[in-house]
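What follows is one structure encoded as structure tokens, with my remarks underneath.
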Amino acid sequence: MAPKLDPHVGRYLRLEIEGVPHRLYFEEAGQGIPLVCLHTAGADGRQYRHLMADPEITSRFRVLAFDMPWHGKSTPPDGWEKTEYRLTTASYTAAIRAFCSAMELDKPVVMGCSIGGRIVLNLAIAHAREFRALIGMEAADFQQPWYDTAWLHRPDVHGGEVCAALVSGLVAPQSPSVSRHETLWMYMQGGPGIFKGDLYFYRVDGDLREKVKAIDTTVCPLYLLTGEYDFSCTPEDTLRTAAQIPGVEAKIMEHVGHFPMSEHPEKFREYILPVLAKIASGA
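Residue numbers 40 to 322, in this note's numbering, belong to the letters of the sequence shown in order.
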């Protein structure tokens, strides 16, 4: 095949998050309304590479995906070897707001999946006026844990392979084999203990039950998209959450699992394009 460059470019951003210096890696493509994309637990921003290569999206949106601290190409803060990584609602929210502020993004749209979808709900609760719209994929106020985190950081097992095995069943059977295995490859590459640290937020600190009732969609529109094959954040979890939020738009995606943007990019386009079109039109 002839050589070809993808349209997105990557850079490092030096900034402070909660007073601690960080070096975040991010990729971006396109122009227009800022669209900040949040990856799933234990993964990185590569999950959004298909969105960044989609001219129908990048003609109207400046798509940015950053690797969370400790993830992907983002380096841990100095002295990381003396601490245990543990994601919290406060630290996650602070990282997103710090990135948007450092990049001087004017009323960005934030779209997150899984833990990214959960934190989107917290942004809607506590910081709605800072955003143009919020999109939560595989998002709900809480899910009962169905996994044993003790297996996710042990010296006698391959942590990355265990992480990939744990989430492999969350990919829909209709998802193309290439996309399925690319999604799992990102999990195999996660740093030691990072997936476990992310799930502290997901299963303990990020419980938003009762709190989602405070969301006002007249301040910031909120969209929820969940795959029908997701048994981590089930369609019932998302619809239960949506029922507590007047004005939210919730959609269950057919033939999709927990990682719509990476496991089945073409199918995901059918659901995300109408949402983005509505946001771009200001509806």
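Glycine is no exception: its CB is placed at the ideal position from the N, C-alpha and C atoms.
What you are looking at is a predicted structure, and each value in this text was computed from that prediction instead of being measured.
Same chain, Cβ closer than 7 Å to residue i, neighbours up to 5 away in sequence not counted
i: Tyr186; result: Leu205
i: Trp109; result: Pro115, Tyr124, Gly230 and Ile233
i: Ile154; result: Thr79, Ala80, Asp237, Phe240 and Tyr241
Burial state of residue i (16 or more Cβ within 10 Å)
i: Gly266; result: buried
i: Gln183; result: exposed
i: Trp224; result: exposed
i: Tyr87; result: buried
i: His197; result: exposed
i: Met150; result: buried
i: Val48; result: exposed
i: Ser98; result: exposed
i: Gly118; result: exposed
i: Ser216; result: exposed
i: Leu44; result: exposed
i: Asp276; result: buried
i: Met91; result: buried
Limits of the alpha helix (DSSP H) - the one that residue i falls within
i: Val217; result: Ser216 to Met227
i: Met91; result: Arg88 to Met91
i: Gly198; result: Gly198 to Ser207
i: Glu249; result: Looking at the DSSP string, Glu249 is not in any alpha helix (DSSP H), and its letter there is neither H nor E.
i: Pro94; result: Pro94 to Thr97
Among the options, the one whose alpha carbon lies nearest that of residue i
i: Ala165; options: Val59, Gln183 and Thr128; result: Thr128
i: Phe181; options: Leu52, Asp244, Lys146 and Val287; result: Asp244
i: Ser320; options: Pro304, Ala172, Ala41 and Glu200; result: Ala172
i: Asp269; options: Glu177, Tyr51 and Phe234; result: Glu177
i: Ser214; options: Gly296, Ile291 and Tyr241; result: Gly296
i: Leu93; options: Gly69, Leu52 and Tyr262; result: The sequence given here has Asp at residue 93, not Leu. The shortest C-alpha separation from Asp93 is found at Gly69.
i: Ser301; options: Ile154, His220, Gly81 and Met142; result: His220
i: Ala189; options: Lys235, His89, Ser207 and Thr222; result: Lys235
i: Ala141; options: Lys250, His61, Thr79 and Asp255; result: His61
i: His303; options: Tyr51, Pro212 and Pro194; result: Pro212
i: Leu54; options: Glu249, Pro313, Glu143 and Pro274; result: Glu143
i: Thr256; options: Ala41, Arg168, Leu264 and Cys152; result: Arg168
i: Ser271; options: Gly156, Ala282, Ala281 and Pro73; result: Gly156
Residues of its chain near residue i, where Cβ-Cβ distance is below 8 Å and the 5 sequence neighbours each way are ignored
i: Thr132; result: Ile158, Asn161, Leu162, Ala165 and His166
i: Ala203; result: Leu223, Trp224, Tyr226 and Met227
Close-in-space but distant-in-sequence residues of the same chain around residue i (CB under 6 Å, 5 per side omitted)
i: Ala104; result: Glu66, Cys76, Gly84 and Tyr87
i: Glu288; result: Tyr262
i: Leu191; result: Phe234 and Lys235
i: Lys306; result: His294 and Val295
i: Ile174; result: Met150 and Tyr262
i: Leu247; result: Leu160 and Asp180
i: Ser113; result: Leu63, Tyr64 and Asp106
i: Arg250; result: The question names Arg, yet the displayed sequence has Lys at residue 250. Closer than 6 Å at the Cβ level, and outside the excluded window around Lys250, lie Ile164.
Delimiting residues of the beta strand (DSSP E) encompassing residue i
i: Arg53; result: Val48 to Ile56
i: Phe234; result: From DSSP, Phe234 is part of no beta strand (DSSP E) but of the alpha helix (DSSP H) over Ile233 to Tyr239.
i: Pro73; result: Ile72 to Leu77
i: Thr265; result: Leu261 to Gly266
i: Pro42; result: Careful: Pro42 lies outside any beta strand (DSSP E) and carries neither H nor E.
- Query: For the region 107 to 190, which segments carrying the beta strand (DSSP E) assignment without a break, of at least 3 residues, lie completely within its bounds, in sequence order?
  - Reply: Along the length of the region 107 to 190, whole beta strand (DSSP E) runs at least 3 residues long occupy 148 to 152 and 172 to 176, reported in chain order.
- Task: Would you list, in sequence order, the uninterrupted beta strand (DSSP E) runs of no fewer than 3 residues that lie entirely inside the region 278 to 308?
- Result: Entirely contained in the region 278 to 308, the beta strand (DSSP E) runs reaching 3 residues are, in chain order, 288 to 292.
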